[in-house]
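Here the structure comes first, spelled out in structure tokens, and everything after it is commentary.
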Amino acid sequence: MQPKEASMGSNDIPFLNTGIWNGKLFLSGWNTAGKAHEILEPATGSVLTRVGMATPEDAAEAAKRARAAQAAWAALPYEQRAAIFRKAAVIIERESDGMTQWIVRETGCIPPKAGVELHMAVGILNEAAAMVTQPSGLVLPSDGGRISLARRVPHGVVGVISPFNFPLILSIRAVAPALAAGNTVVLKPDPHTPITGGYLIARVFEEAGLPKDCLQVLPGGADVGQAMCADPNIAMISFTGSTGAGRSVGEQAGRTLKKVTLELGGKNRLVILDDADVDLAASCAAWGCYLHQGQICMTTGVILVHEKIAAKVTELLAGKASHLPVGDPATQQVALGPLINERQRDRVHGIVQDSIKQGAKLAAGGTYEGNFYKPTVLTGVKPGMRCFEEEVFGPVASVVSFSSEDEAVELANRTEYGLSLGVISASTSRALALAARIPTGLLHINDQTVADEPHIPFGGRGSSGNGGRHGGPANWEEFTQWQWVTIKDSAPRYPF
Ligand code: NAD
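In our numbering, the protein residues as written are 1037 to 1532.
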């Protein structure tokens, strides 16, 4: 059966009229692609719009054009470059109502999550504007009266590959600082969410006055991502996505000796100590597990709770799970929207069912209608069960109890991932001491695991990433490299 066409209210807004991108790529401006790709609304299955679907050859062309544009972009007066980022931020604020509709309908999220994406995007653009005027080097001592400088220079072309879950933030957090550092960019958003993760950004920069070819946006699949990793005109890959795909990106980029930043999956721990306030702990757990249906790299994947309060925390959490409304966030006031597609839903359900077979107890949820999965609580979870071991990427709380801090640390460390950790306790020093024994990229004392801000160095350890970071001081480390420069009044005479 053909999916029905959705009507987008934002078509009345000139900035977001779907005619601009229908069947097109943003390759040296808007150009019709060889193949069109339908974007389905996860809540209804209707067709929201069509975009062009890039090929590996398109990626090569985009990289070539981006490389040709890079030197002129980096040489543009800093005031002009900063003004483009400031203007881009203002455009997002101006167009936020229409953009909210797109983010809600394309990603299946509740409007406040769309608000977070837009708020972060504005913050990231303003940070990028400020980055342009930050000091970019050091004066070093040197022999022989020469001037010796270490300065940060752009890589050239940065390839950005992003996922479907928070597409605007996860694309723009790399696109904006990469451009601000003087690089040009080829962006490949996920084919489920090319508008939020790609074309909204293209539209914003187009109107903000970014020179042609500095940003190319190519909706496409893994083949296009692989072509970008192998392309000799791309000097760096900034990848956000699953650990499996990240491994392949790392291998591919290694062959061409590209710099590569990998922001990958997570199985994040929320540790609740015996002195915690049970109401607050249950609230943190519900937010950390269910925000955006658990489709966040920082989602609370395992709740480790002291056995003294485990029953109470589980009861409160199951009560919340049973009452949180689930439905179409574009038409109803709900707490949870749909999962991105049927394949993800089946995977989530498979993990829940297998974990129950392995001995976990279902305290809430465990059922679905369409792509809408009920907030779920599994208790009695143990290492070896699928819900303990795997990143679920669905609204599933896995509760594990422990009897001592040593056991909590041992259970927390039984994972290959290391993205985000939350510890809840009445004693800050106790929580900090426990956290010091668990490797993690992000640590939140007395909070759950999901948080981000435009200027913080975001990233994970182990299978959550290769130590690269996005945000704040990390942007200089990732999107530029050092160049040593010496300057003399005149050339010296050597013995040869
Ligand atoms: P995914 O790995 O399937 O896809 C992510 C992107 O990579 C998409 O654009 C996809 O087309 C592309 N891709 C897939 N295979 C590729 C390959 N072999 N070579 C090059 N590109 C390839 O991930 P997903 O399912 O869209 O996203 C969910 C995953 O992303 C989860 O594991 C989640 O934890 C992770 N994630 C991590 C962060 C972070 O900052 N650490 C943030 C959000 C999501």
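Where is the CB? At the ideal position from N, CA and C, for every residue including glycine.
query	result
Short Cβ contact (8 Å threshold) for Arg1505 with Pro1490	no
Proximal residues to Gly1045 (C-beta, below 7 Å), its chain only, five neighbours per side dropped	Gln1137
Close-in-space but distant-in-sequence residues of the same chain around Asp1267 (CB under 7 Å, 5 per side omitted)	Ala1095, Ala1096 and Ala1099
Nearest-angstrom Cα separation, counted from Gln1288 out to Ala1110	28 Å
Closest by C-alpha distance to Leu1375, when choosing among Ala1118, Glu1074 and Gly1430	Gly1430
Extent of the continuous alpha helix (DSSP H) to which Ala1090 belongs	Counting along the chain, Ala1090 falls outside any alpha helix (DSSP H), and DSSP gives it neither H nor E.
4-residue-minimum alpha helix (DSSP H) runs that sit fully inside the region 1253-1298, ordered along the chain	1258-1266 and 1279-1291
Near the ligand NAD: Gln1262 beta-carbon under 7 Å from a heavy atom	yes
Alpha carbon of Met1156 to alpha carbon of Tyr1114, nearest angstrom	23 Å
Run of the alpha helix (DSSP H) containing Val1314, from where it starts to where it stops	Val1314 to Tyr1326
Those runs of the alpha helix (DSSP H) which lie wholly inside the region 1391-1431 and span at least 4 residues	1422-1425
8 Å Cβ shell around Ala1105 - same chain, five flanking residues per side excluded	Thr1220, Pro1247, Lys1248, Asp1249 and Cys1250
Which listed residue (Met1334, Val1362, Ala1366 and Val1314) has its alpha carbon closest to that of Glu1343	Val1314
Which of helix, strand or coil DSSP assigns to Phe1532	coil
Extent of the continuous alpha helix (DSSP H) to which Leu1204 belongs	Pro1203 to Ala1216
Coarse secondary structure for Pro1148, derived from DSSP in three states	helix
Phe1515 and Pro1213 closer than 8 Å at C-beta	yes
Continuous beta strand (DSSP E) stretch holding Gly1507: start and end	Per DSSP, Gly1507 belongs to no beta strand (DSSP E) and is neither H nor E.
Between the CA atoms of Thr1085 and Val1141 - distance to the nearest angstrom	In the sequence on display, residue 1141 carries Arg and not Val. Taking the straight line from one Cα to the other gives about 11 Å.
Contact between the region 1115-1122 and the region 1159-1170 (3+ Cβ pairs under 8 Å)	yes
Touching by the beta-carbon criterion (3+ pairs, under 8 Å), the region 1387-1399 and the region 1361-1373	no
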